[in-house]
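Novice:
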Amino acid sequence: MKIYRSHIQCPARRRKRRADDLAASGEPLRAAHPIAAMQRAVGNAAVERALAQRYPVRVRPDASCKQVADWLDQHSPYASAWAMTRASFTWSGRLNITGSAPNFTLTVSNPQVRMTGPSVDMPEWSPSNPAMRAAWQDMYDRLRRHEAEHKQIADDWKTTLTERLANLSLEVTAASRREVMRRAQALINAEWRGWIAEFQAEMSSIDPHTEKLHCPTAESAPSSDSSDDGGDARWRKGAASDERKPRRR
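Position 54 (the sequence shown) corresponds to 55 in my numbering; numbering is contiguous.
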């Protein structure tokens, strides 16, 4: 399961005048970063650990394939999907406003795109049976390779977003330069949201995704529940979702 979020926040009303003044002076205008406060409070290392979580599969070490699959279907944090990849982007840059009333052009110089993630949350379980352990690891590796495809998409989009900001040129009709400054971030964010929607669509294009857990034969399976061990249990990743109501894959 995957959630892809882009954090775009307009300045609070009490800071709006300050943002206008920054734009007028040519200083960079920044989109607020969603975890900046957390980084200041606990440091970058703690944030990185928080983004690299593994959730425990709460079944016995000798559980059968069916028991493991049923638990994940019902109790995974992302049920019925069993893994989640997250990536989010924020932008900053220097506003350039050229032209004269009523025809102005808005561009961004020295654009910067910051990516949080991609981080992947995967299930963690330690089977006691060697054959089950090998089957679990095989499935896990295949699932992880699929998540790496999502990571590559996110990495590529960081470059794409930077290039699009650098090439952005918006024609703005306004009575004054100051009016353009007041509208600048909202205008750029409207473009940004469209780009993020494209990113999310590309992430979703490789899902839903399914992997199989190739279960051990009855002879090598744990004796506590051997009748459930034969065959393949399907490990699913469900369909992607909207960032506000996270649709999960």
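The C-beta atom is built at its ideal place from N, Cα and C for all residues, glycine as well.
Remember, it's a predicted structure, so these values are computed and weren't measured experimentally.
Give me the Cα-Cα distance between ASP139 and VAL114, rounded to the nearest whole angstrom.
Specialist: 36 angstroms
Novice: For TRP126, I'd like the list of residues in its chain whose CB is within less than 6 angstroms of its CB, leaving aside the five on either flank, ordered along the chain.
Specialist: VAL58
Novice: Helix, strand or coil for TYR79, going by three-state DSSP, please let me know.
Specialist: coil
Novice: Pick out whichever of MET123, SER93, ARG61 has its Cα sitting closest to the Cα of ALA1.
Specialist: Any answer about residue 1 is impossible in this case: the structure gives the chain only from 2 up to 250.
Novice: Quick one: Cα of ALA176 to Cα of ALA187, how far?
Specialist: 17 angstroms
Novice: Just tell me which of SER206, VAL60, ASP74, THR86 has its CA closest to the CA of PRO128.
Specialist: VAL60
Novice: Whole angstroms is fine: what's the gap from PRO124's alpha carbon to VAL109's?
Specialist: Spanning the two alpha carbons is a distance of roughly 42 angstroms.
Novice: Where does GLN201 land, buried or exposed, given buried means 16+ other C-beta within 10 angstroms?
Specialist: Buried, since its Cβ has 16 or more Cβ neighbours within 10 Å.
Novice: How big is the Cα-Cα spacing for LYS152 and GLY118?
Specialist: So the alpha carbons of these two residues sit roughly 8 angstroms apart.
Novice: Quick check: THR163 and PRO112, are their CB atoms within less than 8 angstroms of each other?
Specialist: yes
Novice: Counting along the chain, where does the alpha helix (DSSP H) carrying ARG134 start and finish?
Specialist: First-last of the alpha helix (DSSP H) with ARG134: 131-168.
Novice: Using a threshold of 8 angstroms, state whether the C-beta atoms of ARG146 and SER120 are closer than that.
Specialist: no
Novice: Per DSSP, which one or two residues make a beta bridge with GLY118?
Specialist: Beta-bridge pairing links GLY118 to no other residue.
Novice: With C-beta atoms as the reference, is ALA74 less than 8 angstroms away from SER65?
Specialist: Per the sequence shown, residue 74 should be read as Asp rather than Ala. No, the pair does not count as a contact, with Cβ atoms beyond the cut-off.
Novice: For the beta strand (DSSP E) that ILE98 lies in, which residues bound it at each end?
Specialist: 85-101
Novice: With distances taken Cα to Cα, identify the nearest neighbour of GLY100 among MET116, HIS210, ARG55, VAL181.
Specialist: VAL181
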